[in-house]
Amino acid sequence: MGQLEYNLPMPEIIEPFRIKSVEPIRFTTREQRDKILKDAKYNPFLIDGDDVLIDLLTDSGTSAMSAAQWGAIMTGDESYAGSRSFKRFEAKVREIFGFKHVIPTHQGRAAEKILMAIVGGAGKIIPNNHHFDTTRANVEFTGAQALDLVIDEGKDPDNLHPFKGNLDVAKLQRLLETGNGGLGKGQIPIGMITVTNNTGGGQPVSMANVKEVSATLRKAGIPFIIDSCRFAENAWFIKQREPGYADKTPKEIAQEMFSYADGATMSLKKDGFGNIGGFLALNDDELAEQARNLLILTEGFPTYGGLAGRDLEALAQGLDEVLDEHYLEDRTATIRYLANKLTEKGVKIVQPPGGHAVYIDAKRFYPQIPATQFPAQVFVNELYLEGGIRGVEIGSVMFGKCVDGVEHGADRELVRLALPRRVYTQAHVNYVADVISEMYDKREEAIGLKIVKQAPFLRHFTAELAPV
Ligand SMILES: *Cc1c(COP(=O)(O)O)cnc(C)c1O
């Protein structure tokens with residue numbers, strides 16, 4: 002040993018797992034996909050999962066559980082009250098997040114619903130870097146206003162700021178001083194930050210920013226809540242990009258981040274490696290008591306929330322695994338790898354690539370198609386037709402509006418390709434890049450779409466379209 006020199010072409014990063022259990026994916030012909038797409042009215046939300054080869058619709062609840070998680074499932078204690086599995090879950094959440102009260106919910110929005118029911122209400126304002134859709138909806142449902150205060154760099158797709166999820170502290174300070182109409186801070190019941198900033202492209206928030214936001218809110222006596230769905234990916238970006246954190250573990254970084262907050266909402270369908278699950282965590286005894294009272298109304302008894310004992314076991318295990326450095330390195334490298342391949346081809350994406358997805362700029366992919374003919378929807382349709390791949394439109398179908406029969410486009414025409422965790426291999430990612438490369442070569446032939454049927458709200462889920 003030691004005398005021989007090997008010069009093997011070792012990849013810099015390999016998938017940090019081997020596969021114990023597999024699931025076949027279904028291949029279709031282009032002809033079949035043409036018919037499937039027509040039958041789905043050119044809306045990939047209406048395609049059956051079984052007809053999709055590679056599903057990049059979301060990274061939520063689509064992750065692969067580990068052998069240890071499946072093993073933990075069998076040890077679940079289904080006691081209605083005082084379940085041993087809850088004890089394990091609570092201890093793990095406390096270890097990482099550090100909050101006193103841990104309230105399990107069936108997913109993230111249930112935690113949001115309970116929190117907003119307590120702190121929201123007409124006339125109130127809840128600031129965030131960028132509210133996720135369900136957070137915004139739960140805030141607005143109470144009559145309160147959901148205010149986005151992300152830094153300006155976070156809104157520019159070409160800006161290479163390392164922490165484009167940061168909240169603009171000067172704007173927060175101004176809000177606290179003046180209220181939104183001179184009403185003062187009484188109308189701001191909590192302040193939030195979302196890590197990573199999903200709506201802004203999966204962009205991270207720096208520790209310095211979390212600290213500053215925390216100090217600003219605490220000085221005003223306002224509780225600080227972190228929407229922590231992708232906390233592990235955020236911790237990894239801090240380790241990579243922020244001075245002073247290279248030698249810390251992702252867990253230490255997460256612990257420090259949450260030490261500046263008074264509570265957290267969490268979807269364990271993201272960085273919990275769960276197919277379902279969430280929680281609300283709080284330090285304040287009184288708030289926690291109110292939250293538990295609401296929990297019993299809709300989710301269940303406080304030692305299981307909306308979850309089975311076996312889920313709680315698998316999630317406690319998942320929270321440990323998601324902080325593994327090899328996993329996080331592979332996760333972010335995979336996104337970067339896909340982003341680089343597309344960029345080399347000439348495809349414009351939101352830069353720098355975030356933690357869980359690549360966001361393609363369809364406006365610059367199909368410049369001949371106006372927003373009122375849905376270029377991002379054309380992209381997701383072509384992606385399915387060409388390769389059986391499903392992405393999601395974040396453009397004028399989702400955010401545009403039809404007023405008196407006239408379409409008004411949205412500001413951005415993005416396509417999100419979200420990668421489920423530990424599900425697809427590098428060969429799958431290469432295939433995705435190859436399909437988009439084909440599409441790029443044929444991009445001038447693409448034509449627009451029109452909406453033929455739509456619902457009054459959240460039309461993107463059910464809209465029916467046709468080629469113009
Ligand atoms: C997914 C998500 C939520 C909501 O969680 P669900 O489990 O889908 O209800 C809230 N905030 C962010 C940032 C998310 O990504």
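With positions in the sequence shown counted from 1, the corresponding number in the numbering used here is that position plus 1. Idealized CB from N, CA, C, for every residue including glycine.
- Within its own chain, the residues whose Cβ lies closer than 7 Å to the Cβ of Q108, once the five positions on either side in sequence are excluded, are S268, K270, I277, G278, G279, listed in chain order.
- With a threshold of 7 Å, the Cβ atom of N294 does not count as near ligand 1, since no heavy atom of the ligand is closer than that.
- Contact between the region 286-296 and the region 100-114 is present, with at least three C-beta pairs closer than 8 Å.
- For E465, the enclosing beta strand (DSSP E) starts and ends at 465-468.
- Note on geometry: alpha-carbon atoms of G245 and I104 lie some 33 Å from one another.
- In the DSSP assignment, V359 falls outside any alpha helix (DSSP H) and lies within the beta strand (DSSP E) extending over 358-362.
- Under the three-state reduction of DSSP, T197 is assigned to coil, being neither helix nor strand.
- A distance criterion of 7 Å places the beta-carbon of D272 beyond contact range of ligand 1, judged by its closest non-hydrogen atom.
- Following the DSSP letters along the chain, one finds G319 inside the alpha helix (DSSP H) bounded by residues 310-322.
- Annotated three-state conformation of M75 is coil, per DSSP.
- Secondary structure note for G203: it is in no alpha helix (DSSP H), with a DSSP letter that is neither H nor E.
- Within the DSSP bridge table, the entry for N129 names D149 as partners.
- Taking C-beta separations shorter than 6 Å and ignoring five residues to either side along the sequence, the partners of L148 in its chain run I126, P128, following chain order.
- In the three-state reduction of the DSSP assignment, K454 falls in the strand class, which pools E and B.
- Excluding residues up to 5 positions away in sequence, K252, A255, Q256, L320 lie with their Cβ nearer than 7 Å to the Cβ of I97 in the same chain.
- A residue is called buried when at least 16 other Cβ atoms come within 10 angstroms of its Cβ; F90 meets this threshold and is buried.
- Inter-residue distance for A340 and K156 is about 19 Å (C-alpha atoms, whole angstroms).
- Contact fails between the region 223-230 and the region 372-387, because fewer than three Cβ pairs, one in each stretch, are under 8 Å apart.
- Within 7 Å of the C-beta of G109 there is at least one heavy atom belonging to ligand 1.
- For D40, the uninterrupted alpha helix (DSSP H) segment begins and ends at 31-40.
- Of the residues assessed, H327 falls on the exposed side of the cut-off, its CB having fewer than 16 other CB atoms within 10 angstroms.
- Distances between the C-beta of F133 and the heavy atoms of ligand 1 include at least one below 7 Å.
- In terms of Cβ geometry, L168 and V151 form a close pair [threshold 8 Å].
- In the DSSP secondary-structure assignment, E446 is not bridged to any residue.
- The three-state reading of DSSP puts G155 in helix, counting H, G and I together.
- About 5 Å separates the CB atoms of L415 and Y360; that is less than 8 Å, so the two are in contact.
- Distance from the C-beta of N276 to the nearest heavy atom of ligand 1 is not below 7 Å.
- The three-state reading of DSSP puts H107 in coil, since its state is none of H, G, I, E or B.
- Annotation for D228: no alpha helix (DSSP H) segment contains it, though the beta strand (DSSP E) segment containing it runs 225-228.
- Restricting attention to K443, A138, P421, the CA atom closest to the CA of G62 is found in P421.
- In this structure, the straight-line span from the alpha carbon of A334 to that of T76 is close to 34 Å.
- V214 and Y441 have their C-alpha atoms spaced approximately 42 Å apart.
- In this structure, the C-beta of N382 stays at least 7 Å away from each heavy atom of ligand 1.
- For V404, the enclosing beta strand (DSSP E) covers residues 402-404.
- With contacts defined as CB atoms closer than 8 Å, T195 and D228 qualify as a contacting pair.
- By the Cβ-count criterion, R423 is buried, with 16 or more other Cβ atoms from all chains shown falling within 10 Å of its own Cβ.
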